[in-house]
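Undergrad: This is the structure, below, for whatever I ask next.
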Amino acid sequence: MTPLQKLSETADVFYIISRAQHDGHTLRRLPDLALPHLVVYGYLLSKYTSRWQFYRTAAFLCDHSDPSSVREVVNPNKDHKVQEVACRHGIDPASFTRVCRRLRMVWPLLP
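This note's numbering runs 6 ahead of the 1-based position in the sequence shown.
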């Protein structure tokens, strides 16, 4: 496993813990903002903010009536997940997938 893959996996664990806490389930506490964890938190923030903005931009390009209502962070490299996002927000899945495929060519997505 490369250092970037390890960082990505660690960030995913931090995200799952924070989502569980937000939803009322206490799996465990999030690690403190200690120096070793700052890189993970920075990566996590960058990764999910990029995905969130990716979907808002894709919704805008698909002429969605309210692109700011699209608040998704699932992996946009998987077409079936892109189609699920489209269905949740009343966007045509075929056109949304097409726009997302094109957008992925230029969008800086982190693994």
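We put the CB at the ideal spot given by N, CA and C, even for glycine. All figures in this text were calculated on a predicted structure; none of them were measured in a lab.
Does the segment 95-110 come close enough to the segment 63-78 to have 3 or more Cβ pairs within less than 8 Å?
TA: In short, these stretches touch, since the Cβ pair count reaches three.
Undergrad: With H, G and I counted as helix, E and B as strand and the rest as coil, what does DSSP make of K84?
TA: Taking the first residue of the sequence shown as position 1, residue 84 is located at position 78. Coil.
Undergrad: So does the segment 22-34 actually touch the segment 55-65, counting three or more Cβ pairs closer than 8 Å?
TA: No contact exists between the segment 22-34 and the segment 55-65.
Undergrad: In the structure shown, what three-state DSSP assignment does D18 receive?
TA: As a working note, residue 18 is residue 12 in the sequence shown. Helix at D18.
Undergrad: Let's see if you can read the secondary structure: which residues bound the alpha helix (DSSP H) around R57?
TA: Here residue 57 refers to the residue found at position 51 when the sequence shown is read from its first residue. That run of the alpha helix (DSSP H) goes L41 to L67.
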